[in-house]
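Data first, discussion second: the structure below is written as structure tokens.
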């Protein structure tokens, strides 16, 4: 096996429960009271809707309150990727990603591996910008079936 190679499922979309809005010249997250399925593509208006989003809504404009999904793996470590992440607020890129023991951090001298004491005691995270960040990889059962081998989309 190649060192450092991660076998990951293809991601063709995402499930969102909020969106980013611009207020007073700043891009801020805003909660939503429904799910939205989007593709991996963004345009000027935001994320482009995934075709499955329209399939799952009972009627156009209806709120999407539940999504039939199936986990891809029996192992939770493969299905859920979680870590502490601090993003650059200007660019949206991660500055530091860690697991509570070690982290990879962007520094003036480049990418470095450093100890990760967790956000509560990390001097870099004292302003509250380092938070748990997770991705759950699932298969959306757009046609409502859950039999193996049926049509569906992997969204992460």
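Numbering (our numbering), first residue to last: 29 to 184.
For glycine and all other residues, C-beta sits at the position ideal for the given N, C-alpha and C.
Pairwise C-alpha distance: residue j and residue i
{"i": "residue 130", "j": "residue 44", "result": "29 Å"}
{"i": "residue 137", "j": "residue 91", "result": "48 Å"}
{"i": "residue 146", "j": "residue 108", "result": "19 Å"}
{"i": "residue 76", "j": "residue 68", "result": "8 Å"}
{"i": "residue 169", "j": "residue 96", "result": "5 Å"}
{"i": "residue 166", "j": "residue 102", "result": "12 Å"}
{"i": "residue 60", "j": "residue 50", "result": "15 Å"}
{"i": "residue 79", "j": "residue 142", "result": "42 Å"}
{"i": "residue 148", "j": "residue 154", "result": "7 Å"}
Residue of the options minimising C-alpha distance to residue i
{"i": "residue 81", "options": "73, 93, 70", "result": "93"}
{"i": "residue 34", "options": "144, 106, 150, 132", "result": "106"}
{"i": "residue 157", "options": "134, 113, 143", "result": "113"}
{"i": "residue 171", "options": "85, 46, 36", "result": "85"}
{"i": "residue 115", "options": "30, 58, 159, 59", "result": "159"}
{"i": "residue 7", "options": "128, 122, 30", "result": "Residue 7 is absent from the model: the chain starts at 29 and stops at 184."}
Outcome for residue i when other beta-carbon atoms lying within 10 angstroms are tallied against a minimum of 16
{"i": "residue 89", "result": "exposed"}
{"i": "residue 65", "result": "buried"}
{"i": "residue 39", "result": "exposed"}
{"i": "residue 41", "result": "buried"}
{"i": "residue 120", "result": "exposed"}
{"i": "residue 32", "result": "exposed"}
One or two residues paired with residue i in a DSSP bridge
{"i": "residue 108", "result": "164"}
{"i": "residue 58", "result": "47"}
{"i": "residue 83", "result": "None; residue 83 has no bridge partner."}
{"i": "residue 141", "result": "132"}
Cβ neighbours of residue i in the same chain (closer than 7 Å, five flanking residues each side left out)
{"i": "residue 99", "result": "107, 166"}
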